[in-house]
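Sequence positions in the sequence shown follow this note's numbering and run 7 to 220.
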Amino acid sequence: MKIGGFQKFTLSDFPSRIASIVFTQGCNFRCPFCHNGNLIPMDRCEEELVPEDYVLAYLERRIDQLEGVVVTGGEPTIQPDLGLFLQRIRKMGFQIKLDTNGSRPEALETLFGQGLVDYVAMDIKAPFMGYSALTGGAAPVEKIRESMRLVSKSGINHHFRTTLVPGLLTETDLEYIPSMVPEGSAHCFQSFQPANALDPALRQTGGRTSDPGR
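Rendered as structure tokens:
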């Protein structure tokens, strides 16, 4: 699997778990506010990638210290061997949190069916009619709807989240987005990190931190 980055320790990215974070390389969206732009290209040179064996060896040495692994991106579900990677982590006894943009419901369904995911955080970028503007191109809205349904019905701990991007989301958008969330599922707004935004014009924008919705 293509790994663009590896954070050995986090207390904040996996609820109630001490975890490591694996950043997969490659994304099928081009969100202008993305703060991990170096993780977007699938063809990043091999020398800049983190060897999978290095990550797995580290995790094996930390079985007694860590509780979980967060797999984020980029977009993990576009990795053809994601399932195999998660199986190897699962065999070590780790809990697994998956971050996703929801563009590949078929991949989520397979992973859920194999029991390889313990927590899901799925992005809701914008109201559906405005999705393309927030993802840098034509967005598979129906697939995202299907992923929302799958996640909400999976029985897996999860939440949906939206990044507060000044100038790209209106107050009306922010009031509407929580209504898109399936009943019984949690939703949160998260702060925009402007410093390394993919769109240079957004790098001088102040990040909003208040939560206007539920």
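Each residue gets a CB set at the ideal place from its N, CA and C atoms; glycine is no exception. A quick note: this is a predicted structure, and the numbers were derived from the prediction, not measured.
Same chain, Cβ closer than 6 Å to Gly11, five either side skipped, listed in chain order = For the purposes of this step, residue 11 is identified with residue 5 of the sequence shown, where counting begins at 1. Excluding residues within five positions, the ones whose Cβ falls inside 6 Å are Phe29.
Where in the segment 135-205 do unbroken runs of the beta strand (DSSP E), each at least 3 residues long, occur, reported from the N-terminal end onward?
-> As summarised for the segment 135-205, the continuous beta strand (DSSP E) elements at least 3 residues long and confined to that stretch are 163-170, 193-197, given in chain order.
Of the residues Ala201, Lys8, Pro200, Asp179, which one's Cα is nearest the Cα of Ser91?
-> Numbered from its first residue, the sequence shown carries residue 91 at position 85. Checking the displayed sequence, the identity of residue 91 turns out to be Phe instead of Ser. Nearest of Ala201, Lys8, Pro200, Asp179 to Phe91, Cα basis: Lys8.
Specify the secondary structure class of Ser216 as computed by DSSP and reduced to three states.
-> Taking the first residue of the sequence shown as 1, we reach residue 216 at position 210. Unreliable positioning characterises Ser216 in this predicted model, as indicated by a pLDDT of 39, which lies under 50. A coordinate reading is not provided.
Starting from Ala25, trace the alpha helix (DSSP H) both ways and give me its first and last residue.
-> As a first step, residue 25 is located in the sequence shown; it is residue number 19 there, counting from the start. No alpha helix (DSSP H) holds Ala25; the beta strand (DSSP E) holding it covers 25-30.
Specify whether the segment 30-37 and the segment 133-153 touch according to this definition: at least 3 beta carbon pairs, one from each stretch, less than 8 Å apart.
-> yes
Check whether the Cβ atoms of Arg155 and Gly74 lie closer than 8 Å to each other.
-> Indexing the sequence shown from 1 puts residue 155 at position 149. Indexing the sequence shown from 1 puts residue 74 at position 68. No; because the gap between Cβ atoms is not below 8 Å, this pair is not in contact.
Expected contact under 8 Å - CB spacing of Ile150 and Ser109 to nearest Å | On the sequence shown, position 144 is the one that residue 150 refers to. On the sequence shown, position 103 is the one that residue 109 refers to. Contact flag correct, Cβ pair sits at about 6 Å.
Beta-carbon separation of Arg94 and Ile102 under 8 Å?
-> On the sequence shown, position 88 is the one that residue 94 refers to. On the sequence shown, position 96 is the one that residue 102 refers to. Cβ distance not < 8 Å, so Arg94 and Ile102 don't count as in contact.
3-residue-minimum beta strand (DSSP E) runs that sit fully inside the segment 33-104, ordered along the chain = Taking only runs of at least 3 residues, the beta strand (DSSP E) segments lying wholly in the segment 33-104 are 74-78.
How big is the Cα-Cα spacing for Ala63 and Gly99?
-> By one-based count along the sequence shown, residue 63 stands at place 57. By one-based count along the sequence shown, residue 99 stands at place 93. Cα-Cα distance, rounded: 14 Å.
To the nearest angstrom, report how far apart Val76 and Phe118 are at their CA atoms.
-> One-based indexing of the sequence shown puts residue 76 at position 70. One-based indexing of the sequence shown puts residue 118 at position 112. About 15 Å.
If you drop the 5 nearest sequence neighbours on each side, which residues of the same chain put their C-beta closer than 8 Å to that of Asp124?
-> Counted from its first residue, the sequence shown places residue 124 at position 118. Taken in chain order, the residues that qualify are Gly74, Gln101, Ile102, Lys103, Ile162, Asn163.
At which residues does the beta strand (DSSP E) containing Gly10 begin and terminate?
-> As a working mapping, residue 10 is identified with position 4 in the sequence shown. Start and end: 9-16.
According to the Cβ coordinates, are Met186 and Ile130 closer than 8 Å?
-> Residue numbering aside, residue 186 sits at position 180 when the sequence shown is read from its first letter. Residue numbering aside, residue 130 sits at position 124 when the sequence shown is read from its first letter. In this structure, Met186 lies near Ile130, with their beta-carbon atoms less than 8 Å apart.
Between the beta-carbon of Leu45 and the beta-carbon of Gly89, is there less than 8 Å?
-> Working through the sequence shown from its first residue, we reach residue 45 at position 39. Working through the sequence shown from its first residue, we reach residue 89 at position 83. Cβ atoms of Leu45 and Gly89: not closer than 8 Å.
Which partner residues of Thr116 appear in the DSSP bridge assignment?
-> Reading the sequence shown from its first residue, position 110 is the one you call residue 116. According to DSSP, which records beta bridges pairwise, Thr116 is partnered with nothing at all.
What residue does the beta strand (DSSP E) around Ala127 start on, and which one ends it?
-> As a working mapping, residue 127 is identified with position 121 in the sequence shown. 125-129 is the extent of the beta strand (DSSP E) around Ala127.
Tell me whether the beta-carbon of Gly136 lies closer than 8 Å to the beta-carbon of Asp179.
-> As a first step, residue 136 must be located in the sequence shown, where it is residue number 130. As a first step, residue 179 must be located in the sequence shown, where it is residue number 173. Yes, the pair counts as a contact, with Cβ atoms nearer than the cut-off.
Which term fits Leu65, buried or exposed, when burial requires 16 or more other beta carbons within 10 angstroms of its beta carbon?
-> For the purposes of this step, residue 65 is taken as the residue at position 59 of the sequence shown. Leu65 is buried by the Cβ-count criterion.
Could you pull out every residue in the same chain whose Cβ sits closer than 7 Å to the Cβ of Ile69, ignoring the five residues on either side in sequence?
-> Along the sequence shown, read from residue 1 onward, the residue named residue 69 stands at position 63. Met98, Gly99.
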